[in-house]
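Trainee: In my numbering, the protein residues as written are 5 to 307. Can you read through this structure? Questions will come right after.
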């Protein structure tokens, strides 16, 4: 935006959004996501997956051949009111929060002032940042028989999107210079049996952005009515500073691959804990993909 002042002097009034603005045709992972009508729930886009459709696949699933899906945590997208909501990026919650802040600032200035006009122009343009990601086609949030929490939702991508890979975007090297070129691409799922080789990890959440930590062999246990309900793997920030915060649920736990360019994914963030939010709780990615296979009868892989 540009405002013309008295005397013909033009001054730039560019606003910086408090959320990442995704590429419209190929939205990056780690951006904010929510259902279109969400009032409170907002999270992070975890990644992109697709089913491996073969000749032996159930005929009811053949319609998904070639289809691509996004996934994140079910508690981010699902509500009691709607099982299959439409989903948009960036998060509707973040957009509305930004609008409210702009409106409050705009009202502080006289209507004929440069400041009022600048805030008004930005307020009117906020909705242009939003576009449809797709629609939830399946999701659940239950405790399985093995005491693992299954909290996952998959979104069939809108036909307008042309996702071909996972990318963290072009600006992540500002956090870590090594996150450039092929080192921003997710190339491999790292199984639990390989965690010992990838103890230092990072995540990029929609709220707290880039944070690092170390895998902890201790698992966080949730108790209910005197019995173990579920447990999660733990990431602890060695500096005792924040690892995650609200809005980061769904972000991938990542590590750079040692034998090739690119990133490996260990799991998906579920929640955080600790006095300084220095603990992140996550579910191993191989368990999430296995759960999808158990439910659908089809193997799922990262795009």
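Ideal placement from N, C-alpha and C gives every residue a C-beta, glycine not left out.
When DSSP builds the beta bridges, which residues end up paired with residue 100?
Mentor: Bridge partners of residue 100: none, in fact.
Trainee: Using the Cβ count rule (16 or more neighbours within 10 Å means buried), how would you classify residue 215?
Mentor: buried
Trainee: Quick one: using the 10 Å Cβ neighbour count with 16 as the cut-off for buried, is residue 188 buried or exposed?
Mentor: Classified as buried, residue 188 has 16 or more neighbouring CB atoms from the shown chains inside 10 Å of its CB.
Trainee: Near residue 142, which residues of its chain fall below 6 Å by C-beta distance, leaving aside the five closest residues on each side in sequence?
Mentor: 158
Trainee: Quick one: measure Cβ to Cβ for residue 106 and residue 123, integer angstroms, because I've assumed they're closer than 8 Å.
Mentor: 5 Å
Trainee: Once DSSP output is grouped into helix, strand and coil, what is the label at residue 204?
Mentor: strand
Trainee: Exposed or buried, what is residue 268 when buried is set at 16 or more other beta-carbons lying within 10 Å of its beta-carbon?
Mentor: buried
Trainee: Rounded to whole angstroms, what is the Cα-Cα separation between residue 250 and residue 118?
Mentor: Straight-line Cα distance between these residues: approximately 35 Å.
Trainee: Taking C-alpha atoms, which residue in 291, 275, 194 lies nearest to residue 285?
Mentor: Taking each of 291, 275, 194 in turn and checking the Cα distance to residue 285, the smallest one comes out for 275.
Trainee: Given residue 292, which residues of its chain have a CB within under 7 Å of its CB, disregarding the five upstream and five downstream residues?
Mentor: Counting only Cβ-Cβ distances below 7 Å, and skipping sequence neighbours, we find 156, 272.
Trainee: Since residue 157 sits in a beta bridge, which residues does DSSP pair it with?
Mentor: 76, 143
Trainee: Does the Cβ of residue 63 have 16 or more other Cβ atoms within 10 Å, making it buried, or fewer, making it exposed?
Mentor: Answer is exposed; the Cβ neighbour count stays below 16.
Trainee: Since residue 51 contacts residue 306 with CB under 8 Å, what's their CB separation in whole angstroms?
Mentor: 6 Å
Trainee: Run through DSSP, which three-state label would residue 236 get?
Mentor: Three-state result, residue 236: strand.
Trainee: Under a three-way DSSP split, which group does residue 297 fall into?
Mentor: helix
Trainee: Under the three-state reduction of DSSP, which class applies to residue 52: helix, strand or coil?
Mentor: strand
Trainee: Could you compute how far the alpha carbon of residue 300 sits from the alpha carbon of residue 237?
Mentor: 25 Å
Trainee: Please report how far the alpha carbon of residue 43 lies from the alpha carbon of residue 71, in whole angstroms.
Mentor: Taking C-alpha positions only, residue 43 is separated from residue 71 by approximately 29 Å.
Trainee: In chain order, what residues of the same chain lie with their CB nearer than 7 Å to the CB of residue 169, ignoring the 5 residues before and after it?
Mentor: 189, 307
Trainee: Tell me the DSSP bridge mates of residue 285?
Mentor: 238, 275, per the DSSP bridge assignment.
Trainee: Could you tell me how far apart the beta carbons of residue 94 and residue 36 are, in whole angstroms, since I believe they sit closer than 8 Å?
Mentor: In this structure, residue 94 and residue 36 form a Cβ contact; the two beta carbons are roughly 5 Å apart against a cut-off of 8 Å.
Trainee: Hey, residue 160 and residue 138 are a contact pair by Cβ (cut 8 Å); roughly how many whole angstroms apart?
Mentor: 5 Å
Trainee: Please look up how many angstroms separate the CB atoms of residue 199 and residue 258, rounded, as I've assumed it's under 8 Å.
Mentor: Not really, about 13 Å apart at Cβ, beyond 8 Å.
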